[in-house]
Amino acid sequence: MNPFVRNILLVDDHTLLQHALSSMLESLLGGGRIICASSAQDALSALRSGTRFNLILLDLKLPDSDGLRLLGVLRREAPGVPVAVFSGQDAPIYRQLAREADVDGFLSKSLNPAALVDGVRSLLAGRRFFDEAQVRVPGEPRVQLKLSPKQERVLCCLMEGLSNKEIAIKLDLSERTVKMHLTSVYQVLGVNTRSQAILVGQSLNLSMPSEDA
Numbered sequence: 001m002n003p004f005v006r007n008i009l010l011v012d013d014h015t016l017l018q019h020a021l022s023s024m025l026e027s028l029l030g031g032g033r034i035i036c037a038s039s040a041q042d043a044l045s046a047l048r049s050g051t052r053f054n055l056i057l058l059d060l061k062l063p064d065s066d067g068l069r070l071l072g073v074l075r076r077e078a079p080g081v082p083v084a085v086f087s088g089q090d091a092p093i094y095r096q097l098a099r100e101a102d103v104d105g106f107l108s109k110s111l112n113p114a115a116l117v118d119g120v121r122s123l124l125a126g127r128r129f130f131d132e133a134q135v136r137v138p139g140e141p142r143v144q145l146k147l148s149p150k151q152e153r154v155l156c157c158l159m160e161g162l163s164n165k166e167i168a169i170k171l172d173l174s175e176r177t178v179k180m181h182l183t184s185v186y187q188v189l190g191v192n193t194r195s196q197a198i199l200v201g202q203s204l205n206l207s208m209p210s211e212d213a
């Protein structure tokens, strides 16, 4: 096997990225390939195919899994292969979550091509790469997202595993109002699904606000 060949597994459901990245990173691949897996199941199939991967780029939003929940599975399937988050979620909380999950890097999809190439080059060389300018010092408080008390109550109910109907009953709201609050919560957290909102909510260590808050 040519030691200069580099294969990258891109776990992302936007398959067009595969072609864009292949073009941008061609000089780093040495004749290798970028293989795109659009789901957690596809990623496992790719890792079990016999292809040797040098880097895994993992999106946080997948149709069948949260990226950070999938991280442990990928590490068991491909021990020693660096895994970096490759995300369109630019809020600081997602970088914090990635660091706390001990990933090898964080690359924003908004990076300019030169910076992206530099980041991937560092990761392929065995170095960590995080694209943010500032890093939270251990012991510092987390970034606090600006949720209203009503939004926090809805999110706490969501974290309890309650359905919209159950949240409405518990908080004495209409289901329509619950859906409106959930839409607002998703916007503040920068997520698209219940499971992603729960993941971020758990990281914030929220407790149910009092009724008069």
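In full-length UniProt numbering, the protein residues as written are 1 to 213. Here a beta-carbon is modelled for each residue, glycine too, at the ideal position from N, C-alpha and C.
Around the beta carbon of Pro113, fewer than 16 other beta carbons lie within 10 angstroms, which makes this residue exposed. In the DSSP assignment, Leu57 forms a beta bridge with Leu10 and Ala84.
When only Cα atoms are considered, Leu171 and Ser195 end up about 21 Å apart. Remark: C-beta atoms of Val81 and Leu58 do not approach each other more closely than 8 Å. When DSSP assignments are scanned along the UniProt domain "HTH luxR-type" (140-205), the uninterrupted stretches of alpha helix (DSSP H) that are 4 or more residues long and fall wholly within it turn out to be 149-159, 164-171, 175-189 and 194-203. Counting only runs of at least 3 residues, the region 12-44 fully encloses the following beta strand (DSSP E) elements, listed from N- to C-terminal order: 34-37. Annotated three-state conformation of Gly105 is strand, per DSSP. Taking a contact to require three or more Cβ pairs closer than 8 Å, the region 107-121 and the region 155-173 do not qualify as touching. For Arg99, the enclosing alpha helix (DSSP H) covers residues Pro92 to Glu100. If the five residues before and after Ser174 are omitted, its C-beta is found closer than 7 Å to the C-beta atoms of Ala168, all from its own chain and listed in chain order.
Closest in alpha carbon position to Glu77, among Phe129, Ile56 and Phe86, is Ile56. Cβ neighbours of Ala43 within its own chain (closer than 6 Å, five residues either side excluded): Val11 and Ala37. By the neighbour-count criterion, in which a residue is buried when 16 or more other Cβ atoms sit within 10 angstroms of its Cβ, His181 is buried. If you ignore the 5 residues before and after Arg48, its C-beta comes within less than 8 Å of the C-beta of Glu77, all in its own chain and listed in chain order. Shown here for Ala115: same chain residues with a beta carbon closer than 8 Å to its own, the five before and five after excluded, namely Asp131 in chain order. When C-alpha distances from Ala197 are compared across Lys109, Tyr94 and Pro209, the shortest belongs to Tyr94. The distance from the Cβ of Leu74 to that of Leu97 is about 16 Å, inconsistent with a contact at the 8 Å cut-off. Note: Phe129 is bridge-paired with Gly105 in the DSSP secondary-structure output. Counting C-beta atoms within 10 angstroms of its own C-beta, Val5 has fewer than 16 neighbours from the protein chains shown and is therefore classed as exposed.
When the beta-carbon positions are compared, Val178 and Leu189 stay at least 8 Å from each other. Non-local beta-carbon contacts of Ala46 in its own chain, meaning distances under 7 Å to residues more than five positions away in sequence, involve Leu9, Ile35 and Ala37 in chain order.
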